[in-house]
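Data first, discussion second: the structure below is written as structure tokens.
Number of protein chains: 2
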Amino acid sequence: MKCKVCREHAVVDIRRHNAAFCQDHFLEHTRNQVARAIKEFRMFRADDRLLLAVSGGKDSLALWDILIDLGYDVTGFYLDLGIGGYSHRSRDLSISFAERRSAKLIVRSIETEHGFTVPELSALTGRVPCSGCGLSKRYEFNRAALEEGFEVLVTGHNLDDEVATLFGNVLHWNTEMLARQMPVLNERILGEGDDARVALVRKTKPLVKLSERETAAYAVLRGIDYVVEECPMVEGNTHHHYKHAITQLEESSPGTKSQFYAGFLRKAADRFRDAEVSADDTEIVACISCGAPTVRRDTNESRCSFCKTKALATKRKAEPARRSPARRRKSEA
Amino acid sequence: MKCKVCREHAVVDIRRHNAAFCQDHFLEHTRNQVARAIKEFRMFRADDRLLLAVSGGKDSLALWDILIDLGYDVTGFYLDLGIGGYSHRSRDLSISFAERRSAKLIVRSIETEHGFTVPELSALTGRVPCSGCGLSKRYEFNRAALEEGFEVLVTGHNLDDEVATLFGNVLHWNTEMLARQMPVLNERILGEGDDARVALVRKTKPLVKLSERETAAYAVLRGIDYVVEECPMVEGNTHHHYKHAITQLEESSPGTKSQFYAGFLRKAADRFRDAEVSADDTEIVACISCGAPTVRRDTNESRCSFCKTKALATKRKAEPARRSPARRRKSEA
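Protein sequences appear in the order of chains P and A. First residue of the first sequence: 1, per this note's numbering; consecutive thereafter. First residue of the second sequence: 334, per this note's numbering; consecutive thereafter.
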């Protein structure tokens, strides 16, 4: 197996590109794929201030490394979710990486900010852990970006992540989610004239042209120490079933994943645009608790999902004796 | 396991319906699912003359049995594809069924009609066997229905077939096919006024609410002798990979298939309607060879896919000595 570029010994092959690369040219290829995604989808400009959500895993650390090398003004944001040793280890690895590359890093803890960890949130509200975690992360990432004055939020979702999400949304024909399944979601402004303010920052996913295997290979070849273990709360997650099913098809027919994703963006995404809840701006109002955009309810008291969930968790945490045995059993399971 | 209806011992369980049935109530349930599909999608009226494409397999024979029991005026149509012993056995089983149920059956042979079998067509033209076979069947089914005066063509595609096709079309975002992925395709008229004639008969799939496992169970419990072997030419068919991938998801989450299919019809199919090639009637003209509808080409000589393929096969068959060794090797493989 020889490098496609220099014909030296190759260390990584990428079947869907029908190509193999030596270490140097693989790293270059990987950086190029990120640069191409940024350009193709007009993710951000050279002088934008970027906030990168960092989990301590291969994807976000590899992306951080690449964005620094491409010369972007990028700051890491680590949100401690309070998931025991897993969170400790991933936080330490994120801090080590920042020190090694002299990169800016903001660390916050969901427990310090809101009074509960992700496992507690799940136990108190009965929400599936991944659901409460996703809600909290989306909320905190956006809040941190707004508070700290960043123009763009960047996440490390790779091709496999996007393909599994797309597959799940297609299997259930979740049209509202299909309307938002893009590598870039523009910022959302609330209010008009002098009252206008950014309520949701622009969100971008520069790894959409790279598979999980490629970001892992990049991290390994660059000597990046990342948390290898999976989140202990992810077990039974249907997202994993979707990943597995599509990965089997990719093995028998390399390129299936990227064709599925790129084909969606090119030939189908526009067909679902009208299904976006927020397509009609009149339906979006500011949450009465925190000001984040939320869908207008019948009552005048529109509160966003995070504030409603937080209020429920806070109430239950304060009154454990009033919870019924059935609910307590469920929440402790 | 008890029957959902009568609480007697159940012989078949259907996980996606969270139900089990005794023999009698399973047969009744199966007939009801066919009757419901016919009604829901307005497939045909009680007095329509139906031509059912019969392969000798479980699906088409079970459907034939059910349509007779539901009181429809249904005639079987067996097309001998000339695939060796497989075709002989499936033809014999179709004839036996017709005799047993005193049903009308039309038998034609593609070799007699056009001068080549499906394996020959594939070898002569270099087409994948399933592709040439599908083309020939669609053509011959329609031609037979028109010539013999049937209003509706009926095929035995079951839920698994439709789901695998839908999955393949979605993976490749084949929008033109997604526009036609319906349990009913209306007839197509060519010409205007006194010249107007049906060029494509109405096509319907009454088994879309039943899985492969259910049609097999129906056939077994009804004592229907069907060809169990798969077509020997199907090996490596990507359709089978898609079936396998979705079946795994169905096992971990019963109902995935029917939700995927029903959700498509309800929430997505309309979004692809404009992608149908024949959406614009001006683009559809009569084939200059046979009169079948075909897409207008730049030249004035619009010929349908079947006639072009047949012309190529006929020419090659007549002049074997003029074929290059490379082509001969390929076609004999």
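All C-beta atoms in this analysis are idealised placements derived from N, C-alpha and C, irrespective of residue type, glycine included.
Item: In chain order, which continuous runs of the alpha helix (DSSP H) of length 4 or greater are located wholly inside the stretch 243–277 of chain P?; Value: 256–263
Item: Along chain B, in chain order, which residues have C-beta atoms closer than 8 angstroms to that of residue 490/A?; Value: Considering every chain present, this structure includes no chain B. Its protein chains are P and A.
Item: To the nearest angstrom, how far is the alpha carbon of residue 441/A from that of residue 410/A?; Value: 8 angstroms
Item: Which residues, taken in chain order from the stretch 12–26 of chain P, show a beta carbon closer than 8 angstroms to some beta carbon of chain A?; Value: none
Item: Could you tell me whether the stretch 23–34 of chain P touches the stretch 123–132 of chain P, using the rule of 3 or more Cβ pairs below 8 angstroms?; Value: no
Item: Does DSSP put residue 405/A in a helix, in a strand, or in coil?; Value: coil
Item: Counting only C-beta atoms, is residue 574/A closer than 8 angstroms to chain P at any point?; Value: yes
Item: Counting only C-beta atoms, is residue 64/P closer than 8 angstroms to chain A at any point?; Value: no
Item: Tell me the residue span of the beta strand (DSSP E) that contains residue 442/A.; Value: 437–442
Item: Could you check whether the stretch 89–105 of chain P touches the stretch 47–64 of chain P, counting it as contact only if at least three pairs of C-beta atoms, one from each stretch, sit closer than 8 angstroms?; Value: yes
Item: Do residue 163/P and residue 260/P have their beta-carbon atoms positioned less than 8 angstroms apart in this structure?; Value: yes
Item: Let me confirm a value: residue 232/P is counted as buried when at least 16 other C-beta atoms fall within 10 Å, else exposed. Which label applies?; Value: exposed
Item: Using only CA atoms, which one of 292/P, 272/P and 31/P lies nearest to residue 68/P?; Value: 31/P
Item: Does any C-beta atom of chain P lie closer than 8 angstroms to the C-beta of residue 600/A?; Value: yes
Item: Determine whether the Cβ of residue 430/A lies closer than 8 angstroms to any Cβ atom of chain P.; Value: no
Item: Kindly indicate if chain A contains any beta-carbon less than 8 angstroms away from that of residue 260/P.; Value: yes
Item: Can you pull the chain A neighbours of residue 271/P, defined as C-beta to C-beta under 7 angstroms?; Value: 604 and 605
Item: Let's see if you can read the secondary structure: which residues bound the beta strand (DSSP E) around residue 471/A?; Value: Careful: residue 471/A lies outside any beta strand (DSSP E), inside the alpha helix (DSSP H) at 462–481.
Item: Per DSSP, what are the beta-bridge partners of residue 377/A in this structure?; Value: Beta-bridge pairing links residue 377/A to no other residue.
Item: Listed in chain order, which residues of the stretch 166–184 of chain P have Cβ atoms closer than 7 angstroms to some Cβ of chain A?; Value: 170, 171, 172, 173 and 175
Item: Give, in chain order, every unbroken run of the beta strand (DSSP E) that is at least 3 residues long and sits entirely within the stretch 492–533 of chain A.; Value: 521–523 and 530–533
Item: From the DSSP output, which residues share a beta bridge with residue 382/A?; Value: 406/A
Item: For the stretch 580–595 of chain A against the stretch 224–244 of chain P, do three or more pairs of beta-carbon atoms, one drawn from each stretch, fall closer than 8 angstroms, so that the two count as touching?; Value: yes
Item: Under the DSSP definition of a beta bridge, which residues are partnered with residue 428/A?; Value: Beta-bridge pairing links residue 428/A to no other residue.
Item: Quick check: the Cα distance between residue 79/P and residue 156/P, rounded to an integer number of angstroms?; Value: 14 angstroms
Item: Report the residue from 113/P, 81/P, 112/P and 63/P whose alpha carbon sits nearest the alpha carbon of residue 98/P.; Value: 63/P
Item: Would you report the Cα separation of residue 620/A and residue 477/A, rounded to the nearest angstrom?; Value: 17 angstroms
Item: Considering Cα atoms alone, identify which of 469/A, 538/A, 336/A and 352/A is closest to residue 367/A.; Value: 538/A
Item: So which residues of chain P does residue 585/A contact, with C-beta pairs closer than 7 angstroms?; Value: 241
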